[in-house]
Structures are given as structure tokens and as C-alpha cells.
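Be aware that the sequence shown starts at 380, since it is given in this note's numbering, and climbs by one per residue. Note that beta-carbon positions come from the ideal geometry of N, C-alpha and C, so glycine has one too. As C-alpha cells, the structure follows; a few thoughts come after it.
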Amino acid sequence: MSILEDHEVWTKNFREGWLAKLQATGTFYWDTYIRPKNRVSVSGSGVDLSKSRLMLISSAGGYLANSQKPFDASNHLGDYTIRAFSASTPFENIAYAHEHYDQTAVKDDPQVLLPLKYLREMDAKDKIGSLASVVNFMGYQPDVSQVVGKMIPDILKIAKNEAVDAALLVPS
């Protein structure tokens, strides 16, 4: 099963429709944007979290302010890069570069998008086998082809290198 059904058709429609209109006019015509849809959902067998290595994936745009480049939050076509850091990273070391959601709640309580405290507690109580890296991306990406062709392979590479069994995706 592919990640995105009819990927080629979606990409052609995106480039010749929404993207071409944006490039020609400089205006976002969201009413013409075609959201990707699959007819069949991906499924598989479940895992026992108490014996699994879990990766937290968030679209919050989180990055380490002192050592990682911020996401290009003002890019009208999105930023398709990822930032990874340890699940033991203190919240005060994490900054957010994302212009497409109200950051008030996450700045007041980072747990809303990065539930690291809860996951660490679950790990300490053996409810999770172990925690892998936290992977962040900026959740605004209108070009799904770049998500499928760049972001997902980058995330899967980290997951494979860290022997991840399961992932928790927390969207912003």
C-alpha cells in the first residue's frame, strides 16, 4: 500500500492548480486546494507498549534553540525538514518556529504538544518499553509530495536507526 493513493494525480493537480495560481498571483486560493485523501486506511497489528520503543512525533515546530536551526515558518510553501532531540530534553531548551497555530497554550504548557513529562512517567512505570528521540516538524506543508518523498523517509530513517516499534503523533 502506498502512503498516498493516486500520488501522481494529486501532484499534477497541485502543481498545475493551486501552486500555479499562487505563483501567478501571489494569493492563496485555499478553496481550490485539493486535500489528499486515501480510500483505504493503513492498518497493522498492534504492539504491547510496555515492551515497545516509542517515538514521539509532533508537528509543533519544536527545535533546540541553542543548537538547531529554526524552521522556516514564514515560507509560504512550507518547511519539509525535521528536528530530532532526546526525550529527556528539558522544556526550557525547546523553542517553536511555526506561524500556523496559536502558540499560547504550548508556551503555557508544552505538554499539550510535547507530552514528554507524561511519557517519561510512563517509561519509569514500565508502561512504555523505552523512549526514542522526539521528532518535530512544522505542520504546515501544502505540498504532500514533499511530505511523502522527503519528510517521511527522514523520519523513518531515525525510527529504523533507533529500533522504534511504535510512534505517537501529536498534531499541532
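Just the Cα atoms here: how many angstroms apart are residue i and residue j?
i, j, result
"Y519", "G457", "6 angstroms"
"V513", "M434", "6 angstroms"
"A503", "L510", "10 angstroms"
"M501", "Q490", "14 angstroms"
"A538", "L548", "13 angstroms"
"L383", "Q525", "12 angstroms"
"L398", "V388", "14 angstroms"
"Q482", "A452", "13 angstroms"
"A444", "F464", "11 angstroms"
"T390", "V523", "8 angstroms"
"W409", "G396", "11 angstroms"
"K430", "P532", "25 angstroms"
"A403", "G440", "29 angstroms"
"G508", "N392", "43 angstroms"
"K536", "T406", "36 angstroms"
"K448", "Y475", "11 angstroms"
"V485", "F470", "10 angstroms"
Identify every residue that forms a DSSP beta bridge with residue i.
i, result
"I473", "L443"
"V485", "Bridge partners of V485: none, in fact."
"A463", "V514"
"A538", "Answer by DSSP bridge pairing: none, since A538 is not bridged."
"S509", "R432"
"V526", "None; V526 has no bridge partner."
"L547", "L435"
I think residue i touches residue j, with their Cβ atoms under 8 angstroms apart; what is that distance to the nearest whole Å?
i, j, result
"H477", "S381", "At roughly 28 angstroms, the Cβ-Cβ gap does not stay under 8 angstroms, so H477 and S381 are not in contact."
"I461", "I534", "6 angstroms"
"M517", "F450", "4 angstroms"
"K496", "L428", "Contact flag wrong, Cβ pair sits at about 17 angstroms."
"A466", "R499", "7 angstroms"
"V426", "D544", "5 angstroms"
"Y442", "N515", "6 angstroms"
Inset, instruction - Please confirm if the segment 397–414 is in contact with the segment 436–444, defined as three or more CB-CB distances below 8 angstroms between the two stretches. - result: No, because fewer than three Cβ pairs between the segment 397–414 and the segment 436–444 fall closer than 8 angstroms, the two stretches do not touch.
Inset, instruction - Starting from the N-terminal side, write out each stretch of the alpha helix (DSSP H) that is 4 residues or longer and does not extend beyond the segment 383–459. - result: 386–393, 399–404
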